[in-house]
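What follows is one structure encoded as structure tokens, with my remarks underneath.
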Amino acid sequence: MTILQQLANALAQRTVEVVDLTHTLESRIPVIGLPPQYRQTAPFALDEISNFDERGPSWYWNNFSCGEHTGTHFDAPVHWITGKDYPDGATDTISVQKMIAPACVIDTTDRVKENEDYLLTIADIEEWEEKHGRIPAGSWVLMRTGWSSRQYTDAFLNVREDGGHSPGPAMDVPTFLAKERDVVGFGTEPVGTDAGQAYAFAKPFPCHQNMHGSNKFGLSSLTNLDLLPPTGSILITPPLKIKRGSGSPCRVLALVERGLQL
44 MTILQQLANA
54 LAQRTVEVVD
64 LTHTLESRIP
74 VIGLPPQYRQ
84 TAPFALDEIS
94 NFDERGPSWY
104 WNNFSCGEHT
114 GTHFDAPVHW
124 ITGKDYPDGA
134 TDTISVQKMI
144 APACVIDTTD
154 RVKENEDYLL
164 TIADIEEWEE
174 KHGRIPAGSW
184 VLMRTGWSSR
194 QYTDAFLNVR
204 EDGGHSPGPA
214 MDVPTFLAKE
224 RDVVGFGTEP
234 VGTDAGQAYA
244 FAKPFPCHQN
254 MHGSNKFGLS
264 SLTNLDLLPP
274 TGSILITPPL
284 KIKRGSGSPC
294 RVLALVERGL
304 QL
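Below, the structure is given as structure tokens:
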């Protein structure tokens with residue numbers, strides 16, 4: 044059998060499971076807020092066109108509206124000023140070869156329980172590599188935090204007077220992952236790939252600044268990371284093919300061998 048025939052058989056026999064890492068898009072899904080002087084992302088909204096009624100007797104469908112970075116979503120390099128000039132940095136120009144890639148899951152759940160602002164460090168990554176091997180080039184690195192259990196509540200954005208409070212990478216981690224490990228991207232469970240307080244870092248928003256500046260990608264608002272093994276899963280992450288899109292909501296799927304699931 045060819046490799047694809049083997050995969051098809053494994054999917055049919057459920058020896059390879061498909062895990063959905065995506066939150067459902069609905070009106071109450073949290074959307075990141077910006078300082079009031081800037082234009083804001085509109086909330087997700089459905090506008091019913093017809094529902095087997097006088098507006099359309101045999102069909103149900105909707106218009107929908109939302110920002111590109113709503114719910115579980117993909118960040119393209121053009122999203123940030125440092126990545127704006129890559130010719131292959133928008134959702135319609137990114138190579139589709141990069142939309143299927145292996146994943147490395149680093150579990151920081153216990154540390155985040157003790158500190159909502161926990162920052163993933165290079166030491167954490169090196170400790171993970173001692174157990175699971177070096178992060179392969181072209182992989183996603185996913186920071187598992189348990190944060191997705193807060194979705195649809197105020198605790199998800201976790202905004203206080205000094206801004207949002209949520210975990211993310213330390214200031215030097217994105218450059219390390221992009222340059223030293225050549226990852227395809229970095230993914231998180233909170234609303235954005237940067238920590239909630241990253242705006243106040245000495246070099247603000249390091250994940251956006253350095254990952255996108257290196258032509259790498261982001262995934263935010265992931266869920267079900269507890270169903271993935273530390274290594275061995277494959278992510279499928281195609282964003283909508285929006286003309287010069289900076290990102291889009293994304294149905295992120297993971298392929299996991301049954302024996303590897305936690």
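Residue numbers (the working numbering): 44 to 305.
For each residue, glycine too, the CB sits at the ideal point set by N, CA and C.
The beta strand (DSSP E) enclosing residue i, as first and last residue numbers
{"i": "Q61", "result": "For the sequence presented, residue 61 should be read as Val rather than Gln. Element bounds for V61: 59-63."}
{"i": "T231", "result": "228-231"}
{"i": "R154", "result": "Taken as a continuous stretch (DSSP letters only), R154 belongs to no beta strand (DSSP E), being part of the alpha helix (DSSP H) at 152-157."}
{"i": "E300", "result": "296-300"}
{"i": "S108", "result": "99-108"}
Residue i classed as buried or exposed, judged by whether at least 16 other C-beta atoms fall within 10 angstroms
{"i": "F229", "result": "buried"}
{"i": "I168", "result": "buried"}
{"i": "V61", "result": "exposed"}
{"i": "G302", "result": "exposed"}
{"i": "N258", "result": "buried"}
{"i": "R71", "result": "exposed"}
{"i": "V139", "result": "exposed"}
{"i": "M44", "result": "exposed"}
Span separating the alpha-carbon of residue i from that of residue j
{"i": "G76", "j": "A88", "result": "17 Å"}
{"i": "P217", "j": "S93", "result": "46 Å"}
{"i": "P281", "j": "R294", "result": "8 Å"}
{"i": "S264", "j": "P79", "result": "23 Å"}
{"i": "H122", "j": "L268", "result": "25 Å"}
{"i": "P130", "j": "A119", "result": "12 Å"}
{"i": "P179", "j": "T274", "result": "10 Å"}
{"i": "F95", "j": "V184", "result": "45 Å"}
{"i": "H251", "j": "G211", "result": "11 Å"}
Residue i in three-state terms, based on DSSP
{"i": "F260", "result": "strand"}
{"i": "Y242", "result": "helix"}
{"i": "N253", "result": "helix"}
{"i": "S209", "result": "coil"}
{"i": "M44", "result": "coil"}
{"i": "E69", "result": "coil"}
{"i": "A55", "result": "helix"}
{"i": "H112", "result": "coil"}
Beta-carbon proximity list for residue i, same chain, < 8 Å, skipping 5 on both sides
{"i": "P247", "result": "A241"}
N- and C-terminal bounds of the alpha helix (DSSP H) containing residue i
{"i": "D197", "result": "197-200"}
{"i": "E170", "result": "165-175"}
Contacts around residue i, its chain only, beta-carbon distance under 7 Å, and the 5 residues preceding and following it disregarded
{"i": "I165", "result": "D215, V216, F219"}
{"i": "G132", "result": "A119, P120, V121, G126, N258"}
6 Å Cβ shell around residue i - same chain, five flanking residues per side excluded
{"i": "L54", "result": "none"}
{"i": "K286", "result": "D135"}
Minimum Cβ-Cβ distance from residue i to chain B less than 8 Å
{"i": "L262", "result": "The question asks about chain B, but that chain is absent: this structure has only one protein chain."}
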